[in-house]
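First up is the structure itself, then whatever we jot down about it.
In the numbering used here, the protein residues as written are 7 to 379.
Encoded structure:
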């Protein structure tokens, strides 16, 4: 595709992975803790420098659609959503470091979109790392992740946390990444080799840009405004009960989820280090119930998958909603010897119950964004 469009071969290939979050849902934008893995579903950018300040992009997954623009401090938005991720990244890179020119880019991805596996964050990180490599910009992975978050805010109108971008940039093979979203520190946590990451895509799309995600963030901000200078991260349930909000209110439930999910995330890191599968199972079960009942981001199709697998696996593995919610995927930590059993279980029940056919991915934790060759 690259040679067909640009008449020459690319000089650089950069990959950036999608991610799955083991635990720590809706905690990242509350300055909390998260525990995601970068996974071996990746997005690839082939590139070469241009001598002018134009950027020409071909999107292989969108029928070779193109976008072109001039690098500047104010790059206009496109009517194509995918193009705005690239325009935003280039604009904010340029505002920080004006020592680069244009590029020809072809983008292809194995990460399914709108299912909660962070295809958009992978695109942002791959674009940032591409310009970083082409022009030796000496940008840190954390800086590129922050530019990705800024792009979501200002070009996509999506008030995301920093987790997706940071793990796509800094993932570690064989490990999850415990991220402190207040100071952006990361700690690799080894994954148990006895278990495999299974992702069950419900094929109920979760379009977070237009979903209730931003509303959840506003609800959390409203609670946090009562706590200044503290955040929900600094609270425990006893503190929460002292606030003048009724225990049955939506506000109380949203705060309760964030507080308890932070505690579960730190406990999960310890349980993984100890290979305490029964504890991992319990924490994932509690996380799902909290997301369903207190944070209200699950849907019946997701609950059906979780409950069906949980009844079968018991304490031998873990299962819960992963991602922002309102559709998307279920994460299963499944014993290696029970993979086929769980695949057949879902295949024999989910479509019959919902009329929708699931898609299943078996994933490994991998390194973050890097040159391919």
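Backbone N, C-alpha and C fix where the C-beta goes; we use that ideal spot for every residue, glycine too.
Span of the beta strand (DSSP E), counted from its first residue to its last, around residue i
i, result
"residue 115", "109-115"
"residue 18", "18-29"
"residue 67", "Premise fails: residue 67 is in no beta strand (DSSP E) and is neither H nor E."
"residue 39", "39-55"
"residue 326", "324-328"
"residue 337", "335-341"
Euclidean distance between Cα positions of residue i and residue j
i, j, result
"residue 372", "residue 47", "9 Å"
"residue 272", "residue 71", "43 Å"
"residue 210", "residue 96", "32 Å"
"residue 358", "residue 130", "38 Å"
"residue 295", "residue 77", "47 Å"
"residue 233", "residue 261", "11 Å"
"residue 201", "residue 151", "29 Å"
"residue 332", "residue 309", "11 Å"
"residue 143", "residue 104", "9 Å"
"residue 19", "residue 377", "6 Å"
"residue 115", "residue 173", "17 Å"
"residue 225", "residue 238", "12 Å"
"residue 106", "residue 43", "32 Å"
"residue 289", "residue 56", "51 Å"
"residue 3", "residue 49", "The first residue shown for the chain is 7 and the last is 379, placing residue 3 beyond what the model contains."
"residue 58", "residue 160", "26 Å"
"residue 236", "residue 184", "22 Å"
Proximity test, residue i beta-carbon vs the ligand ZN heavy atom, cut-off 7 Å
i, result
"residue 239", "The ligand ZN is not part of the structure shown, which contains no ligands of any sort."
For residue i, the first and last residue of its enclosing alpha helix (DSSP H)
i, result
"residue 205", "Counting along the chain, residue 205 falls outside any alpha helix (DSSP H), though it belongs to the beta strand (DSSP E) covering 201-207."
"residue 277", "256-279"
"residue 132", "125-141"
"residue 11", "8-12"
"residue 98", "87-102"
"residue 225", "219-231"
"residue 175", "169-176"
"residue 296", "283-299"
"residue 186", "First-last for residue 186: 181-186, but that is the beta strand (DSSP E), not the alpha helix (DSSP H)."
Own chain partners of residue i with C-beta closer than 8 Å, once the 5 adjacent residues on each side are dropped
i, result
"residue 162", "87, 90, 91, 94, 126 and 215"
"residue 228", "257"
"residue 136", "18, 20, 51, 53, 109 and 111"
"residue 83", "90, 93 and 161"
Exposure label - residue i; buried when at least 16 CB within 10 Å
i, result
"residue 256", "exposed"
"residue 17", "exposed"
"residue 81", "buried"
"residue 35", "buried"
"residue 98", "buried"
"residue 268", "buried"
"residue 155", "buried"
"residue 171", "buried"
"residue 231", "exposed"
"residue 263", "buried"
"residue 9", "exposed"
Close Cβ partners of residue i (< 6 Å) along its chain, the five nearest in sequence each way excluded
i, result
"residue 12", "110"
"residue 281", "198"
"residue 176", "147, 192 and 374"
"residue 277", "285 and 286"
"residue 367", "205"
"residue 133", "92 and 95"
Whether residue i touches residue j by CB criterion (8 Å)
i, j, result
"residue 124", "residue 25", "yes"
"residue 338", "residue 206", "yes"
"residue 311", "residue 208", "yes"
"residue 314", "residue 355", "yes"
"residue 195", "residue 182", "yes"
"residue 29", "residue 274", "yes"
"residue 300", "residue 259", "yes"
"residue 39", "residue 186", "yes"
Contacts around residue i, its chain only, beta-carbon distance under 7 Å, and the 5 residues preceding and following it disregarded
i, result
"residue 7", "64, 66, 70 and 112"
"residue 14", "54"
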